[in-house]
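All remarks here apply to the structure that follows.
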Amino acid sequence: MIKRIFSIKVENRFGVLARVAGLFSARGYNIDSLAVSKTEHDDISVMTVVVNGDDRILEQVKKQLNKLIDVIKVSDHAPQSSVQRELALVKLNCPPAKRGEIIQLAEIFGAEVADLACKSITISINGDPEKIEKFIELSAPYGIKESMRTGLVSIQRDKEK
Amino acid sequence: MKIKGAQIIVESLIKENVEYMFGYPGGVVIPIFHEIFNAPIKFILSRHEQGAIHAADGYARASGRPGVVLATSGPGATNLITGIATAHLDSVPLVVFTGQVSRDMIGNDAFQEVDITGITRPISKHNYLVQDIKDLATIIKEAFYIATTGRPGPVVIDVPVDISNSMHKFEYPEKISIRSYKPTYEGHPGQIKKACRLIESSKRPIIYSGGGVIISDASEELREFVKLTGIPITTTLLGMGAFPETDPLSLEMLGMHGTYYANTAVHESDLLIAVGARFDDRVTGKINDFIPDAKVIHIDIDPASVSKNVMVDVPIVGDCKKILAAMNKEIKPVKIDEWVKKIKKLKKENPLSYTEGKDENDIKPQYVVEQLYKLTKGDAIITTEVGQNQMWAAQFYKYTQPRSFISSGGLGTMGFGLPAAIGAQFARPDKKVIDIAGDGSIQMNVQELIVAAQHKLPIIIAILNNGFLGMVRQWQQLFWEKRYSHTCINFAPDFVKLAEAYGCVGIRVTKKDEVADAIKKALKINDKPIIIDFNVCREENVYPMVPAGKTIKETIMRELA
């Protein structure tokens, strides 16, 4: 099992997401994360798909993705050669006594307080997946009430000569 | 001038030179049928939508032109599903129109509404839901283009009824360009050279040719390639006819029920030249033991087929016809006399065979197929159902021309043969068309008999009637302790009376010496379909057989005592 990140440029049309997702689901593969957005071109969308699976099968999926009529380009994004970011919202148990501690932790990670209530605090953090993992790990002892992530977006680094 | 959406559809079909269309009416397609009524398109009304789509498929395979289908929404559309999947797996170009409820009703569980683009997504090459009348003509143009180019396949166009009824100017695009769809036709010259050098240095090469050769009309180039190199050739089920099976270098079909010499030659080869074939599991058997010593050259238009099941050493992506033509220019002579000699010996010593029945009156199904071959001089178009009948039709009829064998290979769709024969006969009125059927399969779309009768098509339906779902029974016998669970179907209709009820001729044959006469009699009839009910030996099996997932070494050659 290996993790792969596919960046898929597609025609900005209805039904394309279902076609792309179908190629994974038909093989019993669960998509770990998926982010869809517009690009610099109005008529092109980009889908960033993170998936774990057998390398040979994922290679086949990549070829099948390329075969879809609405798919313009499929790229593999290796972590070394691409910039990757995601955003997480984490709602933590936060009695007033713990506020300072948690805010301090957030500051270390460059995260911000998105919302504050009597007994909870919501932190918004963005960055690469490892950073987010680490923050979630360190905030877990306070008690995570709810947490969610946007899914990875990824852009290839330009090569410097 | 503005015309109705329904008229735009019909005018577009005329622009595409559509001669035949197959389908069945229903509520939301009445506007389209209204326009078809006076159009210069021959509309063939099936008696079940599945019959329509298999007929369109048979038409496409026999003619090389796209088959066109029209059915209504809901059940009309879902009845097409098996036919769409059949065409998808065998790369058959179809353009399938389905009606849809009007746009404002979509998603409301309206009467006869299904999400047909959702349902057909994984089984079609592409599909469309028309949402704007101004896109309609372009979508139809694109659909024909996508269906017939690259690796062909079925394209579905779902047309809401209000689109059919609304008005727009008709402008049919002359040309189409889709930025995300650019099939590769020309093979890479470097790869072609590399392949040729590999062939020239090989000692035991084999050509493994598939349906792609027939689809790309590369039969002539393939024959030339064999002539230039003298390399023995085996074909897949769907590749039969691309190279004459009567030629000494032909090893006929390979795979689960392929000839022993084809499978052995492939197994012992040091170079497998795959042309328009996709290493299906029915071909390879146990994949790890498939070609232990061989390098692989793979010529295919679909890059996704390359290194899918078998790792390929020299892939050449592109059109078989163009690539073979280029190779014919590039290739230098090969020295493989010893190998060819060995294969010819193998062929001589292990012919396809069957034993005579215990009683002299017993009819062996293989004998029926042999007689059909003999009496048609190998010149008929054979369609098949699926199962034992299909395999015997593949083994004992010798195919020498492309598009003369029409069968559901990938999906293995029972009930395909009769409607496919109807479509093939429309495509090739000059040819004798024979559906080699089983008593099980024929009952799956037997309603289409009336279509053949209505149009006076002299199709012969040769039922190899053994009172069993024979292929499953064979597996039950060999691998499932002879527990014939629900495969005995000898509570059956009287096929002669059935033929007569449908205005066809029915002939029953119960003795071996009546076989030839019955076929001769049927061949003389030219204004109606003929069912010949051959009462064959009930528990005859198809051999050789490489059991599923097993290796060539485990081939079962004949009945074990």
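In the order they appear, the protein sequences are chains F and C. Per numbering that gives the first Met the number 0, the first sequence runs over residues 0 to 160. Per numbering that gives the first Met the number 0, the second sequence runs over residues 0 to 560. Glycine included, each C-beta is placed from N, C-alpha and C at the ideal position. Bear in mind the structure is a predicted one, so any value in this text is a computation, not a measurement.
Does the beta carbon of residue i come closer than 8 angstroms to any beta carbon on chain C?
i	result
Ala-20 of chain F	no
Gly-14 of chain F	yes
Ala-113 of chain F	no
Asp-157 of chain F	no
Lys-37 of chain F	no
Asp-53 of chain F	no
Ile-56 of chain F	no
Ile-1 of chain F	no
Asp-127 of chain F	no
Ile-7 of chain F	no
Gln-59 of chain F	yes
Val-45 of chain F	no
Val-73 of chain F	no
Ile-68 of chain F	yes
Thinking residue i and residue j are a contact (beta carbons under 8 angstroms), I'd like their distance in whole angstroms, please.
i	j	result
Gly-66 of chain C	Leu-93 of chain C	5 angstroms
Leu-374 of chain C	Ala-142 of chain C	That pair is no contact at about 42 angstroms.
Ile-422 of chain C	Ala-61 of chain C	In the sequence as presented, Ile is not what sits at residue 422 of chain C; that position holds Gly. Right, the Cβ-Cβ distance comes to about 7 angstroms (below 8 angstroms), so this counts as a contact.
Gly-317 of chain C	Tyr-180 of chain C	Contact doesn't hold; Cβ gap of about 15 angstroms is too wide.
Ala-293 of chain C	Leu-271 of chain C	5 angstroms
Ala-575 of chain C	Gly-22 of chain C	Chain C is shown from 0 up to 560; residue 575 of chain C falls before or after that span and cannot be answered.
Ile-524 of chain C	Pro-428 of chain C	Not quite, the Cβ-Cβ distance comes to about 15 angstroms (not below 8 angstroms), so this is no contact.
Pro-204 of chain C	Ile-198 of chain C	6 angstroms
For the beta strand (DSSP E) containing residue i, list its first residue and its last residue.
i	result
Tyr-260 of chain C	Run containing Tyr-260 of chain C: none in the beta strand (DSSP E); it sits in the alpha helix (DSSP H), 259 to 267.
Ile-272 of chain C	270 to 274
Thr-228 of chain C	First-last for Thr-228 of chain C: 218 to 228, but that is the alpha helix (DSSP H), not the beta strand (DSSP E).
Arg-44 of chain C	The amino acid occupying residue 44 of chain C in the given sequence is Leu; Arg does not appear at that position. Run containing Leu-44 of chain C: 41 to 44, per the beta strand (DSSP E) assignment.
Leu-81 of chain F	First, the amino acid is wrong: residue 81 of chain F is Ser here, not Leu. Start and end: 81 to 92.
Whose C-beta lies closer than 8 angstroms to the C-beta of residue i among residues of the same chain, with five residues either side of it excluded?
i	result
Ala-5 of chain C	Pro-30, Ile-31, His-33, Glu-34, Ser-163 and Asn-164
Pro-172 of chain C	Ala-136, Thr-137 and Lys-140
Lys-285 of chain C	Gly-548, Lys-549 and Thr-550
Ile-101 of chain F	Leu-91, Cys-93, Ile-120, Ile-122, Ser-138 and Tyr-141
Ile-71 of chain F	Lys-8, Val-9, Glu-10 and Ile-43
What did DSSP end up calling residue i once you bin it into helix, strand or coil?
i	result
Glu-141 of chain C	helix
Ser-176 of chain C	coil
Ile-330 of chain C	coil
Pro-457 of chain C	coil
Phe-5 of chain F	strand
Pro-153 of chain C	strand
Gln-155 of chain F	strand
Lys-520 of chain C	helix
Cys-487 of chain C	strand
Val-48 of chain F	strand
Thr-234 of chain C	strand
Met-443 of chain C	helix
Ser-90 of chain C	coil
Ala-113 of chain F	strand
His-167 of chain C	strand
Phe-533 of chain C	strand
With a threshold of 7 angstroms (Cβ to nearest heavy atom), would residue i be considered close to the ligand SAH?
i	result
Ser-484 of chain C	With respect to the ligand SAH, the structure shown offers nothing to examine, as it has no ligands at all.
If you drop the 5 nearest sequence neighbours on each side, which residues of the same chain put their C-beta closer than 6 angstroms to that of residue i?
i	result
Ser-74 of chain F	Ser-6
Thr-119 of chain C	Ile-83, Asn-126 and Val-155
Gln-63 of chain F	Leu-22
Thr-391 of chain C	It is Trp, not Thr, that sits at residue 391 of chain C in the sequence shown. Pro-364, Gln-365 and Val-368, listed in sequence order.
Thr-147 of chain C	Pro-65 and Pro-92
Got a sec: is the Cβ-Cβ distance from residue i to anything in chain F below 8 angstroms?
i	result
Tyr-180 of chain C	yes
Pro-121 of chain C	yes
Gly-117 of chain C	yes
Lys-307 of chain C	yes
Ile-125 of chain C	Note that residue 125 of chain C corresponds to His in the displayed sequence, not to Ile. So yes, His-125 of chain C belongs to the interface.
Ile-162 of chain C	no
Pro-302 of chain C	yes
Ile-177 of chain C	yes
Ile-524 of chain C	no
Ile-156 of chain C	no
Ile-139 of chain C	no
Ile-145 of chain C	yes
Quick one: residues in its chain with C-beta nearer than 7 angstroms to the C-beta of residue i, no 5 flanking neighbours on either side, listed in chain order?
i	result
Ala-498 of chain C	Val-504, Gly-505 and Ile-530
Met-443 of chain C	Met-413 and Gly-414
What residue does the alpha helix (DSSP H) around residue i start on, and which one ends it?
i	result
Pro-291 of chain C	Counting along the chain, Pro-291 of chain C falls outside any alpha helix (DSSP H), and DSSP gives it neither H nor E.
Tyr-58 of chain C	48 to 62
Ser-163 of chain C	160 to 164
Gln-59 of chain F	54 to 66
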